[in-house]
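Novice: Below you'll find the structure I mean.
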Amino acid sequence: MVHASALGHLDVAQLTIWAFWFFFAGLCWYLRQEDRREGYPLESEQDGGLKPRGFLYIPDPKAFRLADGTVVEAPTCKGDTRPVNGAKVESWPGAPIEPTGDPLSAGVGPGSYNVRPEFPYKTVDGQDLISPLRVATHFAVPAEGKSPIGYSVICADGKTGGTVKDLWIDRGESCVRYYEIALASGGSVLAPVCFVDVKNSVRAIKINAVTADQLTRVPKLKSANSITMQEEDQVSAYYGAGTLYATPERAEPLL
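Going by UniProt numbering, the first residue of the sequence shown is number 1, and it counts up by one from there.
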C-alpha cells in the first residue's frame, strides 16, 4: 500500500489538468494527420509541383476496405495531372483563371470537378444508387403530386430545349436527383434537380444555368440506365459552369 506521505507533496489536480492537456494535444495532432489523407500535399501555384510532404503532418498510407471489397490507400501523395484548360488573368498568386475553349466544358471555376471512379455508386444490396423510374419501378411520383414527365424544358435564353422524359431517383434518400430530358434534336441528357425550377402552372421546367444550344452539349452517359460517379461530377460541373459562363454578361463585374 502506498503511504499517504508519498502523495503529500503532489498536486493531484495539477497533474490531472496537465495529463488532459497532453492528451488533448495528442488528439489534435492525430485528427490533423487524419484529415490530411486527401487533398495533401498542397500544390505550388508557381510551378505546379507538390509542396514538400514533411514528416510530421501528413500520415503514412493506410489501407481502407470499401463496402464492395476493394481496398484503397490514402494518402497517395499524387497530384492532379490533368491539364488546366484556362489561363490566369494576372500573374500574381491567387489570380482567377479564365477558361479556354468551351467554358462550360473546361473544368475551371464553377465547372471544376474531381476525378472519381468510372462506375455507379452502389447500395448495400448491390443496386445502382441512382436509377431512372423506368428501372426503379418500385418508386413513383406521389399520387397527390404532379409528375413533371412530359413538361417542356425552358432554358436561360427562353427557348425550349426539349421535354422531360423521366426522373432519376436516389434509392437511399427516396428523392429525385436528375431530370432526364429528351432533346428536340434527338438523344437525351440529365439535369441535376438543384438547377431545375418546376412551373406546374405552365407544365414546364426552367433551367436558368444553360441556353437551349448549350443543353445539347451536356456530357452524355455511357449507359442509358445508370450514371457513374465520374459522370455525376461532370454533369453537375457543366451546369455549374453555366451559372457564370452561359452568357458573356454573366462573367462581367457588377460594378
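We put the beta carbon where it would ideally sit given N, CA and C, even for glycine.
#1: Please classify isoleucine 169: does DSSP put it in a helix, a strand, or coil?
#2: Answer yes if the region 65 to 72 comes into contact with the region 83 to 94, meaning at least three C-beta pairs across the two stretches below 8 Å, and no otherwise.
#3: Can you round the beta-carbon distance between isoleucine 227 and aspartate 170 to whole angstroms, since I take them to be within the 8 Å contact cut?
#4: Does DSSP put serine 226 in a helix, a strand or coil?
#5: Going by the CB atoms, is the gap between valine 198 and proline 148 shorter than 8 Å?
#6: Using the three-state DSSP reduction, which class does cysteine 28 fall into: helix, strand or coil?
#7: Is the distance from the Cβ of valine 164 to the Cβ of asparagine 225 below 8 Å?
#8: Assuming contact is defined by CB atoms lying nearer than 8 Å, are alanine 241 and proline 110 in contact in what I supplied?
#9: Grab me the residues of phenylalanine 119's own chain with a C-beta within less than 8 Å of its C-beta, minus the 5 sequence neighbours each way, in chain order.
#10: Going along the chain, which residues of its own chain have a beta-carbon closer than 8 Å to the beta-carbon of glycine 158, five neighbours each way excluded?
#11: Do the CB positions of alanine 182 and glutamine 214 come within less than 8 Å of each other?
#12: Apply the 10 Å Cβ neighbour rule to leucine 56 and answer buried if 16 or more other Cβ atoms are within range, or exposed otherwise.
#13: For glycine 162, name the three-state secondary structure that DSSP assigns.
#14: What distance in whole Å lies between the Cβ atoms of serine 174 and glutamate 180, which are believed to be in contact at a cut-off of 8 Å?
#15: Out of Thr243, Asp233, Val193 and Lys222, which one is the CA nearest neighbour of alanine 209?
#16: I'd like to check one pair, proline 219 with residue 265: are the Cβ atoms closer than 8 Å?
#17: Can you tell me where the beta strand (DSSP E) holding leucine 190 begins and where it ends?
#18: Quick check on the burial criterion: 16 or more other C-beta atoms within 10 angstroms. Buried or exposed for leucine 167?
#19: Compare the C-alpha of aspartate 125 against each of Val153, Asp68 and Arg36 and name the closest.
#20: When the Cα atoms are used, what is the spatial distance from aspartate 204 to proline 192?
#21: Based on DSSP bridge pairs, tell me the residues matched to serine 131.
#22: Output the distance between the C-alpha atoms of alanine 184 and phenylalanine 195, rounded to the nearest integer angstrom.
#23: Figure out for me which residue from Lys51, Phe23 and Leu66 has the closest Cα to the Cα of threonine 123.
#24: When you compare only the Cα positions, how much space is there between asparagine 200 and threonine 100?
#25: When the Cα of arginine 37 is compared with those of Pro59, Cys28, Leu27 and Asp47, which residue comes out closest?
#26: Cα-Cα, which of Ala251, Glu249 and Ala237 is closest to valine 115?
#27: Would you report the Cα separation of lysine 51 and leucine 42, rounded to the nearest angstrom?
Specialist: By the coordinates alone:
#1: Residue 169 sits at position 169 when you count from the first residue of the sequence shown. In the structure shown, isoleucine 169 sits in a strand (DSSP, three-state: E or B).
#2: The region 83 to 94, when compared against the region 65 to 72, does not touch it at the 8 Å Cβ threshold.
#3: The residue given as residue 227 occupies position 227 in the sequence shown. The residue given as residue 170 occupies position 170 in the sequence shown. No, isoleucine 227 and aspartate 170 are not in contact; Cβ-Cβ is about 11 Å, not under 8 Å.
#4: Position 226 of the sequence shown, counted from the start, is the residue given in the question as residue 226. Three-state DSSP puts serine 226 in coil, outside helix and strand.
#5: Residue 148 sits at position 148 when you count from the first residue of the sequence shown. Residue 198 sits at position 198 when you count from the first residue of the sequence shown. Their beta carbons are under 8 Å apart, which means proline 148 touches valine 198 by this criterion.
#6: Walking along the sequence shown from the start, residue 28 turns up at place 28. If DSSP states are grouped into helix, strand and coil, cysteine 28 belongs with the helices.
#7: To locate residue 164, count along the sequence shown from 1; it is residue 164. To locate residue 225, count along the sequence shown from 1; it is residue 225. Going by C-beta atoms, valine 164 is not nearer than 8 Å to asparagine 225.
#8: Counting from 1 along the sequence shown, the entry for residue 241 is found at position 241. Counting from 1 along the sequence shown, the entry for residue 110 is found at position 110. Yes, these two residues count as a Cβ contact at 8 Å.
#9: Stepping through the sequence shown from its first residue, residue 119 is reached at position 119. So the qualifying residues of the chain are Thr228 and Met229.
#10: Taking the sequence shown and counting its residues from 1, the one referred to as residue 158 is at position 158. Excluding residues within five positions, none has a Cβ falling inside 8 Å.
#11: In the sequence shown, residue 182 corresponds to position 182, counting from 1. In the sequence shown, residue 214 corresponds to position 214, counting from 1. No, Cβ-Cβ distance for alanine 182 and glutamine 214 is not below 8 Å.
#12: Taking the sequence shown and counting its residues from 1, one reaches residue 56 at position 56. Exposed.
#13: One-based indexing of the sequence shown puts residue 162 at position 162. In this structure, glycine 162 counts as strand in the three-state DSSP scheme.
#14: For the purposes of this step, residue 180 is identified with residue 180 of the sequence shown, where counting begins at 1. For the purposes of this step, residue 174 is identified with residue 174 of the sequence shown, where counting begins at 1. So it is not a contact: roughly 18 Å between Cβ atoms.
#15: Here the question's residue 209 lines up with position 209 in the sequence shown. Looking at the Cα atoms, Thr243 is the closest of the given residues.
#16: In the structure as shown, the chain begins at 1 and stops at 255. Residue 265 is therefore absent and cannot be evaluated.
#17: Here residue 190 is taken as the residue at index 190 of the sequence shown, counted from 1. Here the beta strand (DSSP E) through leucine 190 covers 188 to 192.
#18: To locate residue 167, count along the sequence shown from 1; it is residue 167. Looking at its Cβ environment, which holds 16 or more other Cβ atoms inside 10 Å, leucine 167 is buried.
#19: As a position in the sequence shown, residue 125 is number 125, starting the count at 1. It is Asp68.
#20: For the purposes of this step, residue 204 is taken as residue 204 along the sequence shown, with counting starting at 1. For the purposes of this step, residue 192 is taken as residue 192 along the sequence shown, with counting starting at 1. The question names aspartate, but residue 204 in the sequence shown is alanine. When rounded, the separation of the alpha-carbon atoms in alanine 204 and proline 192 is 16 Å.
#21: For the purposes of this step, residue 131 is taken as the residue at position 131 of the sequence shown. According to DSSP, which records beta bridges pairwise, serine 131 is partnered with Ile169.
#22: Taking the first residue of the sequence shown as position 1, residue 184 is located at position 184. Taking the first residue of the sequence shown as position 1, residue 195 is located at position 195. In this model, alanine 184 and phenylalanine 195 are separated by some 20 Å (Cα to Cα).
#23: Walking along the sequence shown from the start, residue 123 turns up at place 123. Checked all of Lys51, Phe23 and Leu66; the closest Cα to threonine 123 is Leu66.
#24: Residue 200 sits at position 200 when you count from the first residue of the sequence shown. Residue 100 sits at position 100 when you count from the first residue of the sequence shown. Rounded to the nearest angstrom, the two C-alpha atoms are 38 Å apart.
#25: Within the sequence shown, numbered from 1, the residue matching residue 37 stands at position 37. When Pro59, Cys28, Leu27 and Asp47 are compared, the shortest CA-CA separation from arginine 37 is found for Pro59.
#26: Locating residue 115 in the sequence shown gives position 115, counting from the first residue. Considering only alpha carbons, the answer is Ala237.
#27: Here residue 51 corresponds to residue number 51 of the sequence shown, with the count starting at 1. Here residue 42 corresponds to residue number 42 of the sequence shown, with the count starting at 1. Distance between the alpha carbons of lysine 51 and leucine 42: 6 Å.
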